[in-house]
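Have a look at the structure below before the remarks.
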Amino acid sequence: MEESKNTLYSAVQPTNNLTIGNYLGAIKNWVALQDDYNCFYAIANMHSITVRQNPAELRQRTLSLLALYIACGVDPEKCTLYLQSHVPAHAELCWVLNTFTYVGEMERMTQFKDKSAKHADNINMGLMDYPVLMAADILLYQASVVPIGKDQTQHLEIARDIAQRFNNAYTPTFTVPEGVYLKIAASIRDLLNPDKKMSKSAENVNGSVFLSDDKDTVMRKFKRAVTDSDATIKYDPENKPGVSNLLSIYSVFTDKTIAEAEKQFAGLGYGEFKLAVGEVVADKLAPIQSEQAKLLADKAYLDKVLKEGAERAAYTANKTLSKVYKKIGFYQI
Ligand code: TYM
């Protein structure tokens with residue numbers, strides 16, 4: 026970890042199983058960026074509880090997500106991997122930032138509106154405050170770069186607004202972060218309903234490919250993927266969202282350009298095309314799954330990664346928190 030490098034921050038919630046959307050839109054990019062930045066990658070369990078969780082499952086999914094990060098190629102020697110709830114500064118800064126955030130802004134957040142509709146029996150304050158906690162995550166580490174999928178754009182914008190608001194009210198305190206999006210994979214679509222993003226919590230699991238899916242399941246899901254009646258394999262997200270999504274998935278998993286993928290599939294029927302995409306995905310997932318299983322069998326190692334990660338994260342986070350407390354006039358001894 027070199028001080029001279031810029032800082033990068035990102036996180037995933039340990040909620041449900043991760044999809045290839047999470048992998049392609051976020052984690053794959055984390056691996057690509059880990060040599061160039063001082064990286065903090067968190068497991069956002071405090072965000073997860075904004076929707077009711079089964080405690081035993083949440084605990085198990087936490088380790089499972091950590092093992093997945095490492096299995097995907099995120100290196101704990103190069104990056105700080107940690108659990109959000111292990112660093113109390115997140116909740117503490119969130120409280121301060123709440124006083125720089127307006128209720129109207131939070132009510133307008135698309136994700137808040139969607140989740141309120143989905144969980145109408147539990148529209149809790151945490152659900153509404155979710156973006157402020159996310160701002161606290163990012164700002165604590167003075168991150169300049171935040172690799173995320175398109176669905177998090179609004180949250181990143183509010184984090185920038187809050188940072189600027191605080192900086193203007195006092196003196197420059199927070200780095201104002203920039204979102205980094207992958208050109209092709211910033212929004213992987215649901216296989217059955219390409220108008221929607223692929224989601225961990227989709228009602229129909231057949232539209233989402235989970236990183237834990239075995240080959241048969243992956244192939245079955247791709248076979249059923251919705252295409253169109255035009256029968257040409259061409260990238261045109263507006264008019265051919267299903268086919269374009271499949272081309273995106275193929276291209277990112279194989280590190281080929283869209284043009285190369287189109288050329289390769291030119292003249293092929295949709296049936297064969299879908300099988301070829303499924304095949305590549307299943308073959309890429311298999312080694313990640315077996316590495317994850319191996320890591321999960323070594324709980325002592327995973328605990329050690331979390332412990333060291335929390336110490337490193339807390340060191341940086343507490344430095345920022347202390348600056349903030351000083352500026353706002355909290356008496357410190
Ligand atoms: P989460 O857990 O919903 O998703 C994790 C990451 O996956 C991206 N993603 C996608 N990318 C492309 N296509 C998709 N279909 C797709 N679905 C999800 C998300 O954009 C995200 O980058 N609030 C965050 C977690 C978080 C966070 C943070 C992120 C907490 N604190 C600070 C960045 C910085 C979330 O719920 O992500």
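Residue numbering for the sequence shown follows our numbering, beginning at 26 and increasing consecutively.
The beta carbon of each residue, even a glycine, is placed where N, CA and C say it ideally should be.
Quick caveat: nothing in here was measured; it's all calculated off a predicted structure.
Whether residue i touches residue j by CB criterion (8 Å)
i	j	result
residue 122	residue 161	yes
residue 250	residue 272	no
residue 112	residue 56	no
residue 95	residue 306	no
residue 260	residue 283	yes
residue 108	residue 335	yes
residue 209	residue 222	no
residue 349	residue 198	yes
residue 89	residue 321	yes
residue 173	residue 269	no
residue 258	residue 211	no
residue 119	residue 158	yes
residue 206	residue 175	yes
residue 317	residue 93	yes
residue 62	residue 97	no
residue 266	residue 220	yes
Run of the alpha helix (DSSP H) containing residue i, from where it starts to where it stops
i	result
residue 35	Premise fails: residue 35 lies in the beta strand (DSSP E), 32-37, not in any alpha helix (DSSP H).
residue 338	324-353
residue 119	114-123
residue 67	Run containing residue 67: none in the alpha helix (DSSP H); it sits in the beta strand (DSSP E), 63-68.
residue 272	266-279
residue 135	135-143
residue 54	53-58
residue 295	295-321
residue 131	128-132
residue 357	Looking at the DSSP string, residue 357 is not in any alpha helix (DSSP H), and its letter there is neither H nor E.
residue 286	283-290
residue 242	240-248
Residue from the options with nearest C-alpha to residue i
i	options	result
residue 253	264, 245, 247	264
residue 171	336, 51, 310	51
residue 294	248, 111, 347	248
residue 228	218, 298, 75	218
residue 130	176, 55, 186	186
residue 201	212, 213, 167, 233	167
residue 73	151, 48, 188	151
residue 278	262, 257, 301	301
residue 183	204, 195, 197, 194	204
residue 246	237, 258, 233	233
residue 54	33, 69, 70, 39	33
residue 328	91, 65, 75	91
residue 155	193, 194, 115, 175	115
residue 104	132, 66, 117, 118	66
residue 180	192, 193, 153, 194	153
residue 315	240, 102, 37	240
residue 64	352, 353, 344, 337	337
residue 361	353, 178, 339, 344	Residue 361 lies beyond the stretch modelled for the chain, which goes from 26 to 358, so this question has no answer here.
residue 68	344, 87, 230	87
residue 60	29, 85, 81, 133	29
residue 102	344, 230, 333, 353	333
residue 324	37, 285, 85	85
residue 178	148, 312, 134	134
residue 193	352, 358, 357	352
Limits of the unbroken beta strand (DSSP E) element including residue i
i	result
residue 95	Not the beta strand (DSSP E): residue 95 falls in the alpha helix (DSSP H), residues 80-96.
residue 105	105-108
residue 204	203-205
Chain C contact for residue i (CB, 8 Å cutoff)
i	result
residue 119	Chain labels in this structure do not include chain C; a single protein chain is all it has.
Cβ separation of residue i and residue j, assumed to be a contact under 8 Å, to the nearest whole Å
i	j	result
residue 235	residue 42	4 Å
residue 76	residue 138	Actually they do not touch by this definition, with Cβ atoms about 14 Å apart.
residue 238	residue 310	7 Å
residue 303	residue 244	5 Å
residue 70	residue 39	6 Å
residue 298	residue 191	Residue 298 to residue 191, Cβ: 50 Å. No contact.
residue 169	residue 31	5 Å
Exercise for review: May I have a chain-ordered list of the alpha helix (DSSP H) segments no shorter than 4 residues that lie completely inside the region 163-195?
Suggested key: Within the region 163-195, the complete alpha helix (DSSP H) runs of at least 4 residues are 178-194.
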